[in-house]
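Working notes, beginning with the structure itself.
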Amino acid sequence: MEYMVFRWPVRILFIDTDASGRIHYTAMLRYFEAAEIELFRAAGAQEDREKVGFPRVHVECDYKSAIYFDDELIIELSIGNIGRSSIELLYRAMKKGVVAVSGKIVIAAMDPKTDQSVEIPPGLREKLGLWIAPRVSV
2 MEYMVFRWPV
12 RILFIDTDAS
22 GRIHYTAMLR
32 YFEAAEIELF
42 RAAGAQEDRE
52 KVGFPRVHVE
62 CDYKSAIYFD
72 DELIIELSIG
82 NIGRSSIELL
92 YRAMKKGVVA
102 VSGKIVIAAM
112 DPKTDQSVEI
122 PPGLREKLGL
132 WIAPRVSV
């Protein structure tokens, strides 16, 4: 089965830069999260997602080149793995066709009333299936 990469175009806002004119290191995570919301919307999974909470339980972000105010990026997002109660989101921020930032965020399904781990809703799992990247053996 072939998988798809979700692509979301964005332009870096001035408020997200630091005194050097580069993107503040924490701001990239907000752009990743915005792309995540757009992926869920594109998959028709917003309602499924609202049934449970999805706190971030792991975050990685590697900067490979500088990003400045007003730079145009394409945020690429795919699903690395969907477990029983967690989803691994894989990101690449492309600047002029080159990877400027790569990252991974793991979100965990949680019952908002009990703060306990819960199984990912089956409808959500199914709707995200097209974006699951194949595992590569090393």
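Numbering (our numbering), first residue to last: 2 to 139. Glycine is no exception: its CB is placed at the ideal position from the N, C-alpha and C atoms.
Assign residue i to one of three DSSP states: helix, strand, or coil.
i: residue 90; result: strand
i: residue 124; result: helix
i: residue 12; result: strand
i: residue 55; result: coil
i: residue 67; result: coil
i: residue 35; result: helix
i: residue 84; result: coil
Count the other CB atoms within 10 Å of the CB of residue i; is the residue buried (16 or more) or exposed (fewer)?
i: residue 79; result: buried
i: residue 49; result: buried
i: residue 93; result: buried
i: residue 139; result: Residue placement at residue 139 is flagged as unreliable, the pLDDT there being 39, under the threshold of 50; the coordinate-derived value follows with that caveat. Exposed.
i: residue 37; result: buried
i: residue 35; result: exposed
i: residue 1; result: Residue 1 lies beyond the stretch modelled for the chain, which goes from 2 to 139, so this question has no answer here.
i: residue 104; result: buried
i: residue 20; result: exposed
Contact defined as beta carbons within less than 8 Å: I believe residue i pairs with residue j. What is the distance between those atoms, to the nearest angstrom?
i: residue 82; j: residue 89; result: 4 Å
i: residue 68; j: residue 13; result: 6 Å
i: residue 32; j: residue 11; result: 6 Å
i: residue 46; j: residue 114; result: Their Cβ separation, rounded to whole angstroms, is 21 Å, which puts residue 46 and residue 114 out of contact at 8 Å.
i: residue 6; j: residue 65; result: Actually they are not in contact, since the Cβ atoms of residue 6 and residue 65 sit about 18 Å apart, beyond 8 Å.
i: residue 60; j: residue 86; result: Their Cβ separation, rounded to whole angstroms, is 18 Å, which puts residue 60 and residue 86 out of contact at 8 Å.
i: residue 151; j: residue 62; result: Limits of the chain in this structure are 2 at one end and 139 at the other, which puts residue 151 out of reach.
Residue range of the beta strand (DSSP E) that residue i falls in?
i: residue 26; result: Element bounds for residue 26: n/a, residue is neither H nor E.
i: residue 103; result: 99-109
Let's see if you can read the secondary structure: which residues bound the alpha helix (DSSP H) around residue i?
i: residue 49; result: 47-50
Exercise. Is the stretch 38-55 touching the stretch 103-113, taking contact as three or more C-beta pairs under 8 Å?
Worked result: yes
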